[in-house]
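**Student:** Numbers 148 to 483, taken from our numbering, label the letters of the sequence shown in order.
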Amino acid sequence: MTGSMTGSMTGSMTSGITIWAPDGAPEISDSDDLAAVLVGLLGDDGLLDGDIVAVTSKVVAKAEGRVRAGDKDAAVDDETVRVVARRGATTIVRTRHGLTMAAAGVDASNVASGHVVLLPTDPDASASAVRRRLHELTGRVVGVLVTDTAGRAWREGQSDIAIGAAGIRVIEDFSGRADPHGNLLVVTAPAVADEIAGAVELAQGKLGRRPFAVVRGRADLVLPAGDDGTGAAALVRAEGADMFGLGSREAVVRALVGDPDDVDLYGRPAPAEELAAVLRELPGVESAPREDTVRVTTADARAAWAAGVAAYAHGWEPVPGAPDGVVDLRPSRPLT
Numbered sequence: 148m149t150g151s152m153t154g155s156m157t158g159s160m161t162s163g164i165t166i167w168a169p170d171g172a173p174e175i176s177d178s179d180d181l182a183a184v185l186v187g188l189l190g191d192d193g194l195l196d197g198d199i200v201a202v203t204s205k206v207v208a209k210a211e212g213r214v215r216a217g218d219k220d221a222a223v224d225d226e227t228v229r230v231v232a233r234r235g236a237t238t239i240v241r242t243r244h245g246l247t248m249a250a251a252g253v254d255a256s257n258v259a260s261g262h263v264v265l266l267p268t269d270p271d272a273s274a275s276a277v278r279r280r281l282h283e284l285t286g287r288v289v290g291v292l293v294t295d296t297a298g299r300a301w302r303e304g305q306s307d308i309a310i311g312a313a314g315i316r317v318i319e320d321f322s323g324r325a326d327p328h329g330n331l332l333v334v335t336a337p338a339v340a341d342e343i344a345g346a347v348e349l350a351q352g353k354l355g356r357r358p359f360a361v362v363r364g365r366a367d368l369v370l371p372a373g374d375d376g377t378g379a380a381a382l383v384r385a386e387g388a389d390m391f392g393l394g395s396r397e398a399v400v401r402a403l404v405g406d407p408d409d410v411d412l413y414g415r416p417a418p419a420e421e422l423a424a425v426l427r428e429l430p431g432v433e434s435a436p437r438e439d440t441v442r443v444t445t446a447d448a449r450a451a452w453a454a455g456v457a458a459y460a461h462g463w464e465p466v467p468g469a470p471d472g473v474v475d476l477r478p479s480r481p482l483t
């Protein structure tokens, strides 16, 4: 075996995983056959059924012609669906893939000066194409991940994640199972594709020029030939399902603006009792939940304005025709 290797033994001495990243990868350019490159690098080591192959998004993008000349900022704008937060030179955005990451994943490193590398157009489709081609070349049934580096909320540093996947279960669902103490697991669902991507980066090394890696020992995650699974798209939370769809400053400003197009970013409407409790924390505001509405009375215009902003951020809106001196609020969209 060539390149960098890491082994992790868990449980008994007969279980564990092995990861290796072969040295000697050439510079990848448009239309290169990534599967053929990897097979050539592996040599006698080869692939086995149940292996998981990881490929960095950068070489996938280069092979797919996703390199463009020009300014990085312009490329970021083109790849951005929505800005999540800005802090100085750092811009966190949501891409058209649904990924939330710095600079839309646009990279100006390891590429000719004056050029940038974009993310693959469809990372799941890219993973599927590599998987099919590996099967054609080797006859092996493997899983494939396309990986990229991303920051983490609340933690310093970056870690690799899976942005594309084919032939692999990306999440293990343990809900409904019991732990060794008999406690029922409710929401335990390890994102195994991301865990593998992070482990793989240890073997590849950030500056190691090893864009490929092979993981052996988790064949239980690999799907049969012809079944590419959900892809890494299943790891992306939908708009409104993420509690942090906006940066803290941006959330305040967008609530003050009150644009109806932003309302989904605050998640589904809060229950009436929760909204009423929040409103009662505001100076000069009294509120009480009713059958289908929340009734609000305010001491002055300033209190009424504050209550309106808070109601908007919680997914509620005024009901037309309320009696003088009061405001009745209703959910701006279904509660469930």
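All C-beta atoms in this analysis are idealised placements derived from N, C-alpha and C, irrespective of residue type, glycine included. Being a predicted model, the structure only gives us computed values, none of them experimental.
(1) Does the separation of the CB atoms of V207 and S273 fall below 7 angstroms?
(2) Quick test of your reading: I175 and V362, contact by CB under 8 angstroms. State the CB separation rounded to the nearest angstrom.
(3) Quick one: measure Cβ to Cβ for A360 and A168, integer angstroms, because I've assumed they're closer than 8 angstroms.
(4) How is the beta strand (DSSP E) around A506 delimited, first residue to last?
(5) Does the Cβ of M390 have 16 or more other Cβ atoms within 10 Å, making it buried, or fewer, making it exposed?
(6) Mind checking who A313 pairs with in its DSSP beta bridge?
(7) Taking DSSP as the reference, what is the three-state secondary structure of H282?
(8) What is the residue span of the alpha helix (DSSP H) that R396 lies within?
(9) To which residues of the same chain is T161 closer than 6 angstroms at the C-beta, ignoring the five residues directly before and after it?
(10) Roughly how many whole angstroms lie between the Cα atoms of E438 and R449?
(11) Roughly how many angstroms lie between the CA atoms of T153 and G376, to the nearest whole one?
(12) Go through the segment 206-275 residue by residue and report every complete run of the beta strand (DSSP E) that reaches 3 residues or more, in order.
(13) Relative to the C-alpha of E464, which candidate in D471, V473, P478 and A451 has its C-alpha closest?
(14) What separation, rounded to the nearest whole angstrom, lies between the Cα atoms of D326 and K209?
(15) If you follow the beta strand (DSSP E) that R477 is part of, which residue opens it and which one closes it?
(16) Run the CB neighbour count on V404, radius 10 Å, all protein chains shown included, and call it buried at 16 or more, exposed below.
(17) Should T237 be labelled buried (16 or more other beta-carbon atoms within 10 Å of its own) or exposed?
(18) Look up V410 in the DSSP assignment and say whether it is helix, strand or coil.
(19) Can you have a look at A424 and say buried or exposed, based on whether 16 or more other CB atoms are within 10 angstroms of its CB?
(20) Quick one: measure Cβ to Cβ for T242 and L266, integer angstroms, because I've assumed they're closer than 8 angstroms.
(21) Alpha helix (DSSP H) containing G187: first to last residue?
(22) Compute the beta-carbon to beta-carbon distance between L488 and A276, rounded to the nearest angstrom, for a pair I have assumed lies under 8 angstroms.
(23) To the nearest whole angstrom, what separates the beta carbons of A222 and R215, a pair I think is in contact under 8 angstroms?
(24) From L194 to R234, what does the alpha carbon distance come to, in whole angstroms?
(25) For V441, list the residues DSSP reports as bridge partners.
**Tutor:** In short:
(1) Reading the sequence shown from its first residue, position 60 is the one you call residue 207. Reading the sequence shown from its first residue, position 126 is the one you call residue 273. Yes, they are a contact pair.
(2) On the sequence shown, position 28 is the one that residue 175 refers to. On the sequence shown, position 215 is the one that residue 362 refers to. Wrong, their Cβ atoms sit about 21 angstroms apart, outside the cutoff.
(3) Sequence index remark: in the sequence shown, residue 360 carries index 213 (1-based). Sequence index remark: in the sequence shown, residue 168 carries index 21 (1-based). Contact flag correct, Cβ pair sits at about 4 angstroms.
(4) Any property of residue 506 remains undetermined from this structure, which presents the chain solely from 148 to 483.
(5) In the sequence shown, counting from the first residue as 1, residue 390 sits at position 243. It is exposed - the Cβ of M390 has fewer than 16 other Cβ atoms within 10 Å.
(6) Walking along the sequence shown from the start, residue 313 turns up at place 166. According to DSSP, A313 bridges with V291.
(7) Your numbering for residue 282 matches position 135 in the sequence shown. DSSP places H282 in helix when its eight states are reduced to three.
(8) Taking the sequence shown and counting its residues from 1, one reaches residue 396 at position 249. Run containing R396: S395 to V404, per the alpha helix (DSSP H) assignment.
(9) Counting from 1 along the sequence shown, the entry for residue 161 is found at position 14. With a pLDDT of 45 at T161, under the threshold of 50, the modelled position of this residue cannot be trusted; read the value that follows with caution. Taken in chain order, the list of residues that qualify is empty.
(10) The residue you call residue 438 lines up with position 291 of the sequence shown. The residue you call residue 449 lines up with position 302 of the sequence shown. Each residue's Cα considered, the two are about 27 angstroms apart.
(11) As a working note, residue 153 is residue 6 in the sequence shown. As a working note, residue 376 is residue 229 in the sequence shown. Residue confidence is low: T153 scores 46 on pLDDT, short of 50, so the model does not pin down where it sits. No coordinate-derived value is stated.
(12) The segment 206-275 contains these whole beta strand (DSSP E) runs: 214-216, 227-234, 237-242, 247-249 and 262-264.
(13) Looking up residue 464 in the sequence shown gives position 317. Of D471, V473, P478 and A451, the smallest CA-CA separation from E464 is found for P478.
(14) Counting from one through the sequence shown, the residue named residue 326 turns up at place 179. Counting from one through the sequence shown, the residue named residue 209 turns up at place 62. In this structure, the straight-line span from the alpha carbon of D326 to that of K209 is close to 45 angstroms.
(15) Counted from its first residue, the sequence shown places residue 477 at position 330. Run containing R477: V473 to P478, per the beta strand (DSSP E) assignment.
(16) By 1-based counting over the sequence shown, the position of residue 404 is 257. V404 comes out exposed.
(17) Taking the sequence shown and counting its residues from 1, the one referred to as residue 237 is at position 90. Burial state of T237 is exposed, judged by a 10 Å Cβ sphere holding fewer than 16 other Cβ atoms.
(18) Start at 1 with the first residue of the sequence shown, and residue 410 comes out as number 263. In the three-state scheme derived from DSSP, where H, G and I count as helix and E and B as strand, V410 is classed as helix.
(19) Within the sequence shown, residue 424 is the residue found at index 277, counting from 1. Exposed, by the Cβ-count rule.
(20) Along the sequence shown, read from residue 1 onward, the residue named residue 242 stands at position 95. Along the sequence shown, read from residue 1 onward, the residue named residue 266 stands at position 119. Sure, about 7 angstroms apart at Cβ, within 8 angstroms.
(21) Reading the sequence shown from its first residue, position 40 is the one you call residue 187. L181 to L189 is the extent of the alpha helix (DSSP H) around G187.
(22) The requested residue 488 does not occur in the structure, where the chain is confined to residues 148 to 483.
(23) Within the sequence shown, the letter at position 75 stands for residue 222. Within the sequence shown, the letter at position 68 stands for residue 215. Indeed they touch by this definition, with Cβ atoms about 6 angstroms apart.
(24) By one-based count along the sequence shown, residue 194 stands at place 47. By one-based count along the sequence shown, residue 234 stands at place 87. L194 and R234 have their C-alpha atoms some 45 angstroms from each other.
(25) Working through the sequence shown from its first residue, we reach residue 441 at position 294. Residue pairing by DSSP places V441 opposite P436 and L476 in a beta bridge.
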